[in-house]
Amino acid sequence: MTDALAEKTCTPCRGGIPPLERDEAARYLGQVPDWELVDDGRRIQRGYRFKNFRDAFAFVGRVAELAEAEGHHPEICFGWGHATVSLQTKKIKGLHENDFIMAAKIDRLAAA
Numbered sequence: 084m085t086d087a088l089a090e091k092t093c094t095p096c097r098g099g100i101p102p103l104e105r106d107e108a109a110r111y112l113g114q115v116p117d118w119e120l121v122d123d124g125r126r127i128q129r130g131y132r133f134k135n136f137r138d139a140f141a142f143v144g145r146v147a148e149l150a151e152a153e154g155h156h157p158e159i160c161f162g163w164g165h166a167t168v169s170l171q172t173k174k175i176k177g178l179h180e181n182d183f184i185m186a187a188k189i190d191r192l193a194a195a
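Be aware that the sequence shown starts at 84, since it is given in the numbering used here, and climbs by one per residue.
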């Protein structure tokens with residue numbers, strides 16, 4: 084991951100703009116290589132592994148705090164030793180630069 088995306092801040096998306104084209108999304112994906120395009124390129128997703136439930140739960144809490152600070156909220160599913168994070172800009176029903184900014188920031192949290 085490059086720090087360039089992680090240093091940016093999510094900007095409010097008011098809708099009315101087209102989602103990223105698949106090739107644009109693929110270029111951003113190169114900066115967050117552990118993430119994958121899913122739902123026909125309308126979302127990105129990544130799974131994380133942890134030693135136990137407590138660590139997975141703590142990670143989810145940190146992601147929630149980040150999401151509130153950035154105003155961009157992922158879907159999160161977690162359980163004993165794992166968490167899966169999915170990002171999409173709901174107002175445009177697809178991907179926006181904000182999704183990749185959040186992915187980079189979430190990766191930074193996971194590495195800390």
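Cβ atoms here follow ideal geometry from the backbone N, Cα and C, with glycine treated the same way.
- Shortest Cα-Cα distance from residue 99 to any of 174, 194, 182 involves 174.
- The stretch 136-148 and the stretch 106-118 do not touch, with fewer than three beta-carbon pairs separated by less than 8 Å.
- Contact fails between the stretch 108-123 and the stretch 144-158, because fewer than three Cβ pairs, one in each stretch, are under 8 Å apart.
- By the neighbour-count criterion, in which 16 or more other beta carbons inside 10 Å mark a residue as buried, residue 132 falls on the exposed side.
- Nearest to residue 95 by C-alpha distance, out of 122, 176, 158, 172, is 172.
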